[in-house]
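Here is the structure we will look at, set down as structure tokens.
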Amino acid sequence: MRRWSFPIAVACLGAAVLCSAGAEAACRVESSVDAGQSRFTKRLSADCPPAEREAHAVSGAELIKAITRGWTVDLANVIVHGELSFDGVPVQTTQTPKGLTAEQQAALAQLNAEELRVVPAAFIMRDSLVTGPLRHRSAKGTLQFEGAVDLQGTTFREGVDLSRSVFQAAVDLTGARFEKEAYFVQSQFTHGLRCRDAKFGPHTRFHRSAFRGPVDCAGALFDGMAEFLEVGFEQPVTMERARFGSGSGFSGSRFSRHANFSEAIFSRDAFFAFTVFEGDVTFGGAQFLGHADFSDAVFKRPDDLTKARFDQKPLLTRAARVTDDRPTGLLSSPSAQYAVTLFFLLMAALLVAYALKLK
């Protein structure tokens, strides 16, 4: 047995080397900082081991520097260390031309008092890991994203605060994971939001935001408090199969088009007080395991709340609901009505024929 120990050891070592070489060969890295194309790119293949990903990690400061230059940021399977603070993006101001009146100068000064920071190109960060906070802290300024924001599959270990942001292109959070708070207070989404199967942490806020495009959060998990208070939804909203683990609030919001909450699960209290549903609304298969408050809600189309499960009787005080007066049952369709009419005509003809025969 001893004489075979050395060859076996050599064989095992060779196999380990080959496996290691195979793993390194499988890990593909695309990295470039191209001033000519105004692009900061770093993409790692999904099979890169943790050590390789760590070796190619970038800092939040590097990304902000690229954004300040007006470059596109394109990351995949990358680790981002440190704070990613959009407060580092320069404030854009309007220069004061000569010859203005005092009133015109005052108006321009008021305009410049509102800080405006612009992210001019796309911000893509897919299947990545952000270890530090991602924030826009300005209480009186606006952060404007002129390109697409794609954060699909990315995990955020610390808080995300993009309040007072204007997203002028599509925002995609599909499969993203927010382990801490995620704030989008008073933000505007001009082309809508996708957050299918995303997982939100202890506190999520979209308070007083506006969605001018469709919202698709089917299958999303809101683990903590979810606030959609005083939100304007101008296009269809899909919360199908969404799960709300803690309290959820849609009070004061307005749904201009179809709102789909089918098979959603509200584990705690859910508030829809003073909510306006202008289009169709679907709650079929939804489960309300806590208190459900629809006080003063307005349903401008027939609702299907009777198809939802309520563990406690829902509160519908002063709620305005539309009764569906459409006929149901056998005569609910024109074809059925036609068939019944034809049946009675045939019966009448047979009775007449029978009467004539008796004579």
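Those letters in the sequence shown? Residues -25 to -1, 1 to 334, by mature numbering (1 follows the signal peptide of the UniProt record, and there is no 0). C-beta atoms are modelled at their ideal positions from N, C-alpha and C, and glycine is treated no differently.
| Asked | Found |
| --- | --- |
| Just to confirm before moving on: does the CB-CB distance between F120 and S140 stay below 8 Å? | yes |
| Going along the chain, which residues of its own chain have a beta-carbon closer than 7 Å to the beta-carbon of F98, five neighbours each way excluded? | V48, F120, G122, V124 |
| Using DSSP with H/G/I as helix, E/B as strand and the rest coil, what is E202? | strand |
| Indicate the three-state DSSP secondary structure (helix, strand or coil) for S307 in the structure shown. | Any reading at S307 must be qualified, since the residue scores a pLDDT of 48, below 50, and its modelled position is unreliable; no value is offered. |
| Let's see if you can read the secondary structure: which residues bound the alpha helix (DSSP H) around R28? | 25 to 30 |
| Nearest CA to the CA of L137: which residue from G128, Q127, P108? | P108 |
| Give, in chain order, every unbroken run of the beta strand (DSSP E) that is at least 3 residues long and sits entirely within the segment 124 to 205. | 140 to 142, 178 to 180, 200 to 202 |
| Where do the ends of the beta strand (DSSP E) carrying T281 lie? | Neither: T281 is in no beta strand (DSSP E) and is coded neither H nor E. |
| Considering only residues of the same chain and omitting the five flanking positions on each side of A295, which have a CB-CB separation below 7 Å? | V273, F274 |
| Pull up the distance between the alpha-carbon of C170 and that of S228, whole angstroms please. | 19 Å |
| Whose C-alpha, out of E133, D9, K40, A267, is nearest the C-alpha of S221? | A267 |
| Identify whether G35 lies in helix, strand or coil by the three-state DSSP scheme. | helix |
| Measure from the alpha carbon of I42 to the alpha carbon of each residue in E89, F15, L19, F241, then state which is nearest. | F15 |
| I'd like the list of long-range same chain contacts for E133, defined as Cβ closer than 6 Å, with 5 residues on each side in sequence excluded. | G107, P108, K155 |
| Is S60 closer than 8 Å to R92 when the C-beta atoms are compared? | no |
| With a threshold of 16 other CB atoms inside 10 Å of the CB of G150, please say whether the residue is buried or exposed. | buried |
| So, helix, strand or coil for V(-16), using DSSP? | Unreliable positioning characterises V(-16) in this predicted model, as indicated by a pLDDT of 41, which lies under 50. The coordinate reading is nonetheless provided below. Here V(-16) sits in helix by DSSP. |
| Check whether the Cβ of Q119 lies closer than 7 Å to any heavy atom of the ligand ATP, and answer yes or no. | As far as ligands go, the structure on display features none, and thus does not contain the ligand ATP. |
| Could you give the distance in angstroms between the alpha-carbon of F241 and the alpha-carbon of I39? | 38 Å |
| Looking only at its chain, what residues have a beta carbon closer than 8 Å to the beta carbon of S231, apart from the 5 residues adjacent to it on each side? | G207, F208, E209, Q210, E253, G254 |
| Under 8 Å between the Cβ atoms of G167 and A185? | no |
| Let me check understanding here. Comparing Cα to Cα, which of P24, C2, G45 lies closest to D9? | G45 |
| Using alpha carbons as the reference points, say which of F236, F269, R243, D278 lies closest to A261. | F236 |
| What does a CB cutoff of less than 6 Å around V251 pick up in its chain, not counting 5 residues either side in sequence? | R229, V273 |
| Should D22 go down as buried or exposed, given a rule of 16 or more other Cβ atoms within 10 Å for buried? | exposed |
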